[in-house]
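Visitor: One structure, pasted below without further comment.
There are 2 protein chains.
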Amino acid sequence: MVDQFRQFLTRFVDLTDPEWQALEKHLTSKTMPKKGFLIQQGQTATEINFLLSGSCRLFYERDGNEKTTYFFFENNLVGDYLGCLTNQPSTLSIQALEDCKLICFRYEVLTALYQQFPAYQLFGRKLAEYLFMGLDIRLAELLTLSPEERYLKFIGTPAKRKIMERIPQQYIASYLGVTPVSLSRIRRRIHPS
Amino acid sequence: MVDQFRQFLTRFVDLTDPEWQALEKHLTSKTMPKKGFLIQQGQTATEINFLLSGSCRLFYERDGNEKTTYFFFENNLVGDYLGCLTNQPSTLSIQALEDCKLICFRYEVLTALYQQFPAYQLFGRKLAEYLFMGLDIRLAELLTLSPEERYLKFIGTPAKRKIMERIPQQYIASYLGVTPVSLSRIRRRIHPS
DNA sequence: TCAACTTCTTAACAAAAGATAATAAATCAG
DNA sequence: CTGATTTATTATCTTTTGTTAAGAAGTTGA
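These protein sequences, in sequence, are chains C and G.
Its first residue numbered 1, the first sequence is counted upward by one per residue in full-length UniProt numbering.
Its first residue numbered 1, the second sequence is counted upward by one per residue in full-length UniProt numbering.
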């Protein structure tokens, strides 16, 4: 269970046993049923979770309308990283799309480890760089590709295509920056049947 | 001159004199005339610059069409940070919008300092977190606001409004995710005169 | 199994945006 | 100063998207 999380960390940094144990002792297990909320608009984020299994969506609510902008899957972190950094009340919500098993720790624990261990300071940098890269590429795609091109690129990426099989299409629409109705029309244009 | 850069660094981290000198000895001065290129599509980014004065735009070219997605101003870093992280040929270009004075250093110098000094490792994390925050907020705005709302938010932010006085409107249009013609129409709708 | 709910598609209409081109305004360089 | 270039606006037309609503298809849970 926690090994799965330790394995994830090695994607960014090698940890000695004592370093790992310094984090491990602060970990707790959690489950969240489908449609449950990890955080809701207005709350202040204090925790980061590791997704052992399941999936979540991140969305913003504007006048009764939900805009899903991000998805989280197993073997990745899930949480309001921006909220943890700024310590401001969150403008977003994170909801389970499937039943989730989680490993939970307070963000403060992580920042404390940043001070105590160079390895975690390195991890913190690698993590932020990793998240930056994802956003930078995504932003460029949003600004340079048309909705139709974005959809084609999305289904052309094997990892993303698998997402479509697990996530309702309406959420993918808003991830791509269009309405569900519009995505349905784009699909009809592309897959004439 | 270099003091201006050192001052910038203190926004992220406090450096001792020896720490600062370890970086300072690798710094070089550069100027770039208006319309000059800091990096062009296809090149591999190896340098980061600090903008002493002037401004630049970052753009992508797609079938003869340029999409400007980011601006750089004095007292900030300018460069292809993603390219430095991935070490892959760049898909973007950075061009001076005004005559620029720069302080230049190789990205390798920075990563070497990450290893040598905890203070720079901390700086690297803070920098990545800072860049992440900017992108995260921007992505959310792109996905949740209409073009008109994005323009209103843009001119409603004093710091951004000042940008409008220095940057041709066509570039701001594409920064906001619309064509120059469309931004002109949005402005007419909003400022009826 | 079956009713309730969710999701996707389709239609019809209005609104907005893209493309192209022409003109006006502003800026720049010799 | 002035011709050349760059930039912004406006018009026209086409395409796309948003909105709303209805119906079909699929899923879920008691």
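Don't be surprised by glycine CBs; every beta carbon is placed ideally from N, CA and C.
Keep in mind it's a predicted model, so treat the numbers as computed, not measured.
Considering only residues of the same chain and omitting the five flanking positions on each side of C:A96, which have a CB-CB separation below 8 Å?
Guide: The residue labelled residue 96 of chain C in the question sits at position 96 within the first sequence. If we look at C:A96 and ignore the five residues flanking it on each side, its Cβ neighbours are M32, P33, K34, K35, G36, F37, L38, G54, S55 and C56.
Visitor: Is G:E47 helix, strand or coil when you go by DSSP?
Guide: Translated into positions along the second sequence, residue 47 of chain G becomes position 47. Note: G:E47 maps to strand in three-state DSSP.
Visitor: Would C:I190 be called buried (16 or more neighbouring beta carbons within 10 Å of its own) or exposed?
Guide: On the first sequence, residue 190 of chain C is found 190 positions in, with the first residue counted as 1. Answer is exposed; the Cβ neighbour count stays below 16.
Visitor: Measuring only from the beta carbon, is G:E47 closer than 7 Å to any heavy atom that is part of the ligand FAD?
Guide: This structure does not include the ligand FAD; it has no bound ligands of any sort.
Visitor: For G:R150, count neighbouring C-beta atoms within 10 Å of its own C-beta (all shown protein chains included) and say buried if the count is 16 or more, exposed if not.
Guide: Here residue 150 of chain G refers to the residue found at position 150 of the second sequence. So G:R150 ends up on the buried side.
Visitor: Quick check for students: name the residue ranges of the alpha helix (DSSP H) that lie wholly in the segment 6 to 35 of chain C, counting only runs of 4 or more.
Guide: Qualifying alpha helix (DSSP H) stretches, in chain order: 17 to 24.
Visitor: Taking DSSP as the reference, what is the three-state secondary structure of C:R187?
Guide: Here residue 187 of chain C refers to the residue found at position 187 of the first sequence. Residue state, collapsed to three classes: helix.
Visitor: Taking the straight line between their C-alpha atoms, what separation do you get for G:E28 and G:C104?
Guide: Here residue 28 of chain G corresponds to residue number 28 of the second sequence, with the count starting at 1. Here residue 104 of chain G corresponds to residue number 104 of the second sequence, with the count starting at 1. Checking the displayed sequence, the identity of residue 28 of chain G turns out to be Thr instead of Glu. Whole-angstrom Cα-Cα distance: 5 Å.
Visitor: From G:Y60 to G:Y171, what distance separates their C-alpha atoms?
Guide: Translated into the one-based positions of the second sequence, residue 60 of chain G becomes position 60. Translated into the one-based positions of the second sequence, residue 171 of chain G becomes position 171. Approximately 12 Å, taken between the alpha carbons.
Visitor: In this structure, how does DSSP classify C:T68 when only helix, strand and coil are distinguished?
Guide: The sequence position of residue 68 of chain C within the first sequence is 68, counting from 1. Strand at C:T68.
Visitor: By the three-class DSSP mapping on this structure, what secondary structure does C:E106 have?
Guide: Here residue 106 of chain C is taken as the residue at index 106 of the first sequence, counted from 1. The residue you asked about is not Glu; residue 106 of chain C is Arg in the sequence shown. Residue state, collapsed to three classes: strand.
Visitor: Should G:T69 go down as buried or exposed, given a rule of 16 or more other Cβ atoms within 10 Å for buried?
Guide: If you number the second sequence from 1, residue 69 of chain G lands on position 69. The residue in question, G:T69, is buried, as its Cβ has 16 or more Cβ neighbours within 10 Å.
Visitor: Answer yes or no: do G:Q21 and C:P118 have a C-beta to C-beta separation smaller than 8 Å?
Guide: Within the second sequence, the letter at position 21 stands for residue 21 of chain G. Within the first sequence, the letter at position 118 stands for residue 118 of chain C. Cβ distance not < 8 Å, so G:Q21 and C:P118 don't count as in contact.
Visitor: Quick one: Cα of G:S184 to Cα of G:A159, how far?
Guide: Looking up residue 184 of chain G in the second sequence gives position 184. Looking up residue 159 of chain G in the second sequence gives position 159. Cα-Cα distance, rounded: 21 Å.
Visitor: Would you please verify whether the beta carbon of C:M1 is less than 8 Å from any beta carbon of chain G?
Guide: Counting from one through the first sequence, the residue named residue 1 of chain C turns up at place 1. Not one chain G Cβ lies under 8 Å of C:M1.
Visitor: Taking beta-carbon pairs under 9 Å, can you tell me which members of the segment 139 to 170 of chain G lie near chain C?
Guide: L139, A140, L142, L143, T144 and L145
Visitor: Taking only the alpha-carbon atoms, compute the straight-line gap between G:T144 and C:L143 and give it to the nearest angstrom.
Guide: Reading the second sequence from its first residue, position 144 is the one you call residue 144 of chain G. Reading the first sequence from its first residue, position 143 is the one you call residue 143 of chain C. Distance between the alpha carbons of G:T144 and C:L143 is about 14 Å.
Visitor: Find the nearest neighbour of C:V178 within the set C:I155, C:G156, C:K153 and C:E148, judged by alpha-carbon distance.
Guide: To locate residue 178 of chain C, count along the first sequence from 1; it is residue 178. Checked all of C:I155, C:G156, C:K153 and C:E148; the closest Cα to C:V178 is C:E148.
Visitor: Determine the chain C residues that contact G:F132 at a beta-carbon separation under 7 Å, and present them in chain order.
Guide: Sequence index remark: in the second sequence, residue 132 of chain G carries index 132 (1-based). Ordered by position in chain C, the residues that pass the 7 Å Cβ test against G:F132 are A128, L131, F132 and L135.
Visitor: Mind listing the chain G neighbours of C:G64? Cutoff is C-beta to C-beta under 9 Å, in chain order.
Guide: By 1-based counting over the first sequence, the position of residue 64 of chain C is 64. The contacting residues do not exist; C:G64 stays about 13 Å from chain G at best.
Visitor: Where does the unbroken beta strand (DSSP E) through G:Q61 begin, and where does it stop?
Guide: Locating residue 61 of chain G in the second sequence gives position 61, where the first residue counts as 1. A small correction: the amino acid at residue 61 of chain G is Glu; Gln does not occupy that position in the sequence shown. Here the beta strand (DSSP E) through G:E61 covers S55 to R62.
Visitor: Is the separation between the beta-carbon of residue 196 of chain G and that of G:K153 shorter than 8 Å?
Guide: Residue 196 of chain G is absent from the structure shown; chain G starts at 1 and stops at 193.
Visitor: Can you have a look at C:D17 and say buried or exposed, based on whether 16 or more other CB atoms are within 10 angstroms of its CB?
Guide: Position 17 of the first sequence, counted from the first residue, corresponds to residue 17 of chain C. The residue is exposed, with fewer than 16 neighbouring Cβ atoms inside 10 Å.
Visitor: Just curious, the beta strand (DSSP E) that C:L77 is in, first and last residue?
Guide: Along the first sequence, read from residue 1 onward, the residue named residue 77 of chain C stands at position 77. Where C:L77 is concerned, the enclosing beta strand (DSSP E) stretches over N76 to V78.
Visitor: Return the CA-CA distance between C:F123 and C:Y130, expressed in angstroms with no decimal places.
Guide: One-based indexing of the first sequence puts residue 123 of chain C at position 123. One-based indexing of the first sequence puts residue 130 of chain C at position 130. Cα to Cα, C:F123 sits roughly 10 Å from C:Y130.
Visitor: Distance cutoff 8 Å, beta carbons only. Does C:Y107 sit that close to anything in chain G?
Guide: If you number the first sequence from 1, residue 107 of chain C lands on position 107. Not one chain G Cβ lies under 8 Å of C:Y107.
Visitor: So which residues on chain C does G:G124 lean against when the C-beta distance must stay under 7 Å?
Guide: By one-based count along the second sequence, residue 124 of chain G stands at place 124. Result: R125.
Visitor: At what residues does the alpha helix (DSSP H) containing G:S174 begin and finish?
Guide: Counting from one through the second sequence, the residue named residue 174 of chain G turns up at place 174. Where G:S174 is concerned, the enclosing alpha helix (DSSP H) stretches over Q169 to Y175.
Visitor: Given that a residue counts as buried once 16 or more other Cβ atoms are within 10 Å of its Cβ, and exposed if not, what is G:N65?
Guide: Taking the first residue of the second sequence as 1, we reach residue 65 of chain G at position 65. Exposed.
Visitor: Determine, using beta carbons only, whether C:R138 and G:L85 come nearer to each other than 8 Å.
Guide: Position 138 of the first sequence, counting from 1, holds the residue named residue 138 of chain C. Position 85 of the second sequence, counting from 1, holds the residue named residue 85 of chain G. Result no, Cβ atoms of C:R138 and G:L85 do not sit closer than 8 Å.
Visitor: Between C:R11 and the rest of its own chain, which residues show a CB-CB distance below 6 Å, the 5 nearest in sequence each way excluded?
Guide: Residue 11 of chain C sits at position 11 when you count from the first residue of the first sequence. None.
Visitor: Do you know how far the Cα of C:S182 is from the Cα of C:M164?
Guide: If you number the first sequence from 1, residue 164 of chain C lands on position 164. If you number the first sequence from 1, residue 182 of chain C lands on position 182. One C-alpha to the other measures close to 16 Å.
Visitor: Got a sec: is the Cβ-Cβ distance from C:Q4 to anything in chain G below 8 Å?
Guide: Indexing the first sequence from 1 puts residue 4 of chain C at position 4. Output row for C:Q4: interface = no.
Visitor: Does C:Q40 have its Cβ less than 8 Å from a Cβ in chain G?
Guide: Position 40 of the first sequence, counted from the first residue, corresponds to residue 40 of chain C. For C:Q40, the answer is no, since every Cβ of chain G falls outside 8 Å of its Cβ.
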